[in-house]
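Structure, as C-alpha cells:
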Amino acid sequence: MSKPVRTVLNRQLVLEDPQRVSDGAGGYTESWAPLGSLWAALAPQAGRTAGQEGGSLSLQRYRITLRAAPMGSLSRPRSGQRFREGARLFRIEAVSEADLKAHYLTCQCIEEVAP
Numbered sequence: 157m158s159k160p161v162r163t164v165l166n167r168q169l170v171l172e173d174p175q176r177v178s179d180g181a182g183g184y185t186e187s188w189a190p191l192g193s194l195w196a197a198l199a200p201q202a203g204r205t206a207g208q209e210g211g212s213l214s215l216q217r218y219r220i221t222l223r224a225a226p227m228g229s230l231s232r233p234r235s236g237q238r239f240r241e242g243a244r245l246f247r248i249e250a251v252s253e254a255d256l257k258a259h260y261l262t263c264q265c266i267e268e269v270a271p
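Sequential numbering of the sequence shown, starting at 157, is according to my numbering.
Spelled out as C-alpha cells, the structure:
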C-alpha cells in the first residue's frame, strides 16, 4: 500500500495553451491563451547553461506538482503547454500521475532564463 503524497500547493500558476493566429500573409504567429489558475508546488531539479546566438541561456528544470484533473479536461496540463508565474515561464515537457490513486500530477518543466 502506498503512502499518500503530502504536498504543499503554495504557488499559484496560470496554465497557458499555445494558439496559432494567422498573420494575414499565409503564415502565423504564436500567442498564448490562459486556461485558468492552478495551485502547485515547485521543486527545482538539475539545471544547465546552453549556448545561444548572442549569449547564453540558463535552463532550470522543475518538478511541478498539482492536483489531478481528468484526462481530456482543459485544466489538465499537457506537454507543449506552459505555466506562468508573473514574468516567469515554465515549459511543460511531460506530465504523469504522482501517486497510485492519481490525486496529483507531476509536470516536468523547464524555465528558460537569460542571464
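Think of the CB as a built atom: it goes at the ideal place given N, C-alpha and C, for glycine as much as any other residue. Note that the coordinates shown come from a computational prediction; the quantities given were computed from them, not determined experimentally.
**Prompt:** Going by DSSP, what residues sit across from residue 275 in a beta bridge?
**Reply:** Outside the displayed span of the chain (157 to 271) sits residue 275, for which this structure offers no information.
**Coarse secondary structure for residue 157, derived from DSSP in three states** = Here residue 157 scores only 45 on pLDDT, less than 50, and its place in the model is too uncertain to base an answer on.
**Request:** Return the Cβ separation of residue 222 and residue 260 in integer angstroms, given the expectation that the two are a contact with Cβ distance under 8 Å.
**Result:** 7 Å
**Asked** When DSSP labels each residue in this structure, what does residue 201 get in the three-state scheme?
**Response** strand
**Request:** Could you name the residues of the same chain whose beta carbon sits closer than 6 Å to that of residue 179, not counting the 5 residues immediately before and after it, in chain order?
**Result:** 185
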